[in-house]
Amino acid sequence: MSRRRVSAIVLAGGRSSRFGRDKLAEPIGGRALLQHAIDSVRPFASEVLVVVAPDASPEVASDVLVVHDPSPFEGPLAGLLAGLGRAREPTVLVIGGDMPSVMPAVVECVLASLESTGRDAAVLDHAGQARPLPMAIRRDPARAAAARLIEAGERRLRALTDALATTVIAEATWRALDPDGRTMRDIDTPDDLR
């Protein structure tokens, strides 16, 4: 595991409507859910950005850059575009703020796949579908594509990976590194914390 010229973006601008309260502040093992997500990308990145709603003030370390969505709850693609506008590095690693158990070996695999293929994005196959998170993307092509998609009314992250030249890492490949599939776990409801 080595630090690269990577900006890590943690998407944390959602409503938590299914959870019923701010899920990113929920404690897991004595730390907020959001902190787990930040900690999982920190070893790989020269900078970490957390994209939040316009009025949000998450408690994060002083070296984490908080980026506010320009409009509330416009969807993850708009949040990603806000983060891409502030990212300094040419490669961007993206995860959700509600993903507490992203495995380092899988992050390494996604970043290595992006580097080795020369494509614009790398994502994981899960249950026969290319999943948009976690993903590694090239900042400039992703920013241009996201801006075009948002202009056309699109808000889904999957639309971005559909629009870019994307490598999809086979489930058997990443499962060899994460047999329990912990990387794909996200927290949407209080029951998911169990």
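In the numbering used here, the protein residues as written are 97 to 290. The beta-carbon is built from N, C-alpha and C at its ideal position, and this holds for glycine as well.
Straight-line measurement puts the Cα of Leu161 at about 11 Å from the Cα of Ser153.
The C-beta of Arg235 has 16 or more other C-beta atoms within 10 Å across all chains shown, which makes the residue buried.
For Leu173 against Leu189, the beta-carbon gap comes to about 17 Å, at or over 8 Å, which does not count as contact. Under DSSP, the beta-bridge partners assigned to Glu143 are Ser103.
Ranking Gly181, Arg127 and Ala157 by CA distance to the CA of His164 puts Gly181 first.
Of the residues assessed, Ile233 falls on the buried side of the cut-off, its CB having 16 or more other CB atoms within 10 angstroms.
The beta-carbon separation of Arg251 and Glu170, rounded to 6 Å, stays under the 8 Å limit for a contact. In the structure shown, Met231 adopts extended strand secondary structure according to DSSP, grouped into three states.
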